[in-house]
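First the structure, in the form of C-alpha cells, and then the observations on it.
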Amino acid sequence: MAIDKISPELRTQDKFHHIDMGFLNKRLCITALLPEVREYFREHQKPGTDHFTELNNAHLLVTSLLDCCKVVDAPTLLKALTVGKPRHLFCSTERLEPCPEIYDSERVCHGVRLDIDFGKPVVIAYHTSHIVSSTGRMVLARGADRGYLNSIVGLVHDKGDRFEIEPLVIGAPWFDHPRNGDDSHVLMWAGGVFGEVLAEDIDQFSRMREVTVRDTEEWMEVMRTLSEDDVKRAITKLLNEPPKKDWAGERDDHFSASISLRGQRRTAAFLLKGPSPFQEMTLDMCGRRADQIHRMVDSGAEVCVVQHSHLIGPVVRRTLRAETIQPGHRRRKYCLMDGQVTYRILKAYSLLQSNGGSE
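Residue numbers for the sequence shown follow the working numbering, beginning at 109 and rising by one.
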C-alpha cells in the first residue's frame, strides 16, 4: 500500500504500531517487563491452552512489552549500535538476510541488512523453538530478498568481532490492534508505510496541492540555483519564524513548534540540503553514519523533515523511516520534501523570483 492511498485524515493521526509476532521468547519478554506491567500481564492473561487463548495472551504480552519500551525510551537498532554499550535493548523495524536453514536447524544465525557500516557484522541469532507461526518462519526464511520487513524488540550484544542480536519478539509491522479502533482494518496492510506524512499534510504548506509541474526541467531549472539558505528563509517565512544561524553542533537546520498537521499543532525538525551537489540525495550527504539524521531525530521533534533540492534516494528514505517509526505508540512522523515538492511549495506561496531565487 502506498502512503497516498491512505486518507490525509488518517495518515496524520497517531496509531499504535504493533508487532504481529512470528517469533516470541516468552521468558525473555516477561523478564523485560517493568514490575508493575508484569503484574498487570499476570492479572489479565486468560487461563487455557487452546490456540486462541494462547494467541490472545501472546498479543497481550507483546503489547505490554512495547509499552515498556516506550517508558524506557528504547532506541532503534541503528541508535543502539552507536552508544558503545556491551548490551542494549532496542526496538525497531529491520531487514534480515534470508535464513532457509530455519526449517531444519534448532538454532540459526543470519545477517541484518543495514545501509550503514559499523565496522563489523550485525547478526541475529535464536533458537527456532520460539517460532510461533508458519508465516513467521516463512518470512524469516525468505528475508529481505523477498521484500519482507521485521519489527524486532531485542538485546544487541557487542561480541567484539560482531554485534549479535538476541531477539525477544520478531514479526511483521502491524496496525491491526484494538487500540486503533475501526481504523485497524484500513491500516492492516500499511505496516511498511504508515508514519509518513506528505508535505501537503502540513497546513503551512497545503496550498501546494493547487500547483502542478509541467515537466522535469521546470522545477530542476529553479532548484539547481536555489541555495539552502534561500530555502530555509522561505520555509521559515511560511512558519512565521526567523531562520537560525548554522553551527557545527546543531541537531537540525531548523526547529519549529509552529507547524500543524490538519489542525493539530506539532513540533518539527528540518534537515535541509541545497544544490551542492545537485544530484540525488544519498546517505553520504547526511554525515558519517547518517549522524545528521540521528541528531535530527534526537531533537525530540514530532515530525522529522528531510528536504533536498534534487531527488531523495531510497536509502535516505529507508534510513529516515527506520530512525523515526518504531513499534509501540510514539507520537512521531517523518516527511520527505524533494526538489519537485519544494518547488511546488515555493511556487504556491509566490516565494520564487523570476531568476529562480527565493524572494
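For every residue, glycine included, the Cβ atom is placed at its ideal position computed from N, Cα and C.
Contact annotation, residue 304 with residue 443: C-beta distance approximately 7 Å; criterion of less than 8 Å satisfied. Just so you know, the alpha carbons of residue 378 and residue 420 end up roughly 14 Å apart. Annotation: residue 437 is outside any beta strand (DSSP E) and is labelled neither H nor E by DSSP.
When DSSP states are grouped into helix, strand and coil, residue 113 belongs to the helix group.
Non-local C-beta neighbours of residue 116 in its own chain, meaning closer than 7 Å and more than five positions away in sequence, comprise 309 and 370, ordered along the chain.
The straight-line gap separating the alpha-carbon atoms of residue 399 and residue 173 is approximately 28 Å. Counted as a single uninterrupted DSSP element, the stretch harbouring residue 381 is not any alpha helix (DSSP H) but the beta strand (DSSP E) occupying residues 372-381. Assigned with DSSP and collapsed to three states, residue 418 falls in coil, not helix or strand.
The beta carbon of residue 298 lies closer than 7 Å to those of 109, 114 and 283 in the same chain, with the five residues before and after it left out. Bounds of the beta strand (DSSP E) holding residue 441 are 441-445. Bounds of the beta strand (DSSP E) holding residue 266 are 258-266.
Across the structure, residue 257 and residue 459 are spaced so that their CA atoms are roughly 40 Å apart. Assignment of beta-bridge partners to residue 364 by DSSP yields 376. It is roughly 24 Å from the alpha-carbon of residue 112 to the alpha-carbon of residue 128. Beta-bridge partners of residue 234 (DSSP): 216. Secondary structure of residue 202 (DSSP, three-state): strand.
The shortest C-alpha to C-alpha distance from residue 451 to any of 176, 385 and 335 is the one to 335.
The three-state reading of DSSP puts residue 282 in strand, counting E and B together.
Apart from the 5 residues on each side of it in sequence, residue 152 sits with its Cβ closer than 8 Å to the Cβ of 168 in its chain, given in chain order. For residue 271, DSSP records a beta bridge to 230 and 266.
Taking C-beta atoms as the reference points, residue 234 and residue 281 fail to come closer than 8 Å. In chain order, 335, 336 and 417 place their CB closer than 6 Å to the CB of residue 382, counting only its own chain and leaving out the 5 sequence neighbours on each side.
For a cut-off of 8 Å, the C-beta gap from residue 131 to residue 278 is around 4 Å, short enough to register as a contact.
Within the stretch 136-185, the runs of alpha helix (DSSP H) that reach at least 4 residues and sit entirely inside it are, in chain order, 143-152 and 159-179. As a beta-bridge residue in DSSP terms, residue 304 pairs with 302 and 442. For residue 129, the enclosing beta strand (DSSP E) begins and ends at 126-132. In chain order, 124 place their CB closer than 6 Å to the CB of residue 437, counting only its own chain and leaving out the 5 sequence neighbours on each side. Around the beta carbon of residue 338, 16 or more other beta carbons lie within 10 angstroms, which makes this residue buried. Counting C-beta pairs closer than 8 Å gives fewer than three between the stretch 306-320 and the stretch 427-436, which falls short of the contact rule.
Here residue 327 has 321, 447, 448 and 451 as same chain residues with Cβ atoms under 7 Å from its own Cβ, once five neighbours each way along the sequence are excluded.
Out of 260, 375 and 204, the CA that lies nearest to the CA of residue 182 is found in 260. Residue 412 is bridged by DSSP to 377 and 442.
Close CB contacts of residue 161 within its chain, under the 6 Å cut and outside five residues either way in sequence, are with 154 (chain order). Apart from the 5 residues on each side of it in sequence, residue 410 sits with its Cβ closer than 8 Å to the Cβ of 374, 375, 376, 439, 440 and 441 in its chain, given in chain order. Pairing residue 156 with residue 205 gives a Cβ-Cβ distance that is not under 8 Å. DSSP, read as helix, strand or coil, puts residue 277 in strand.
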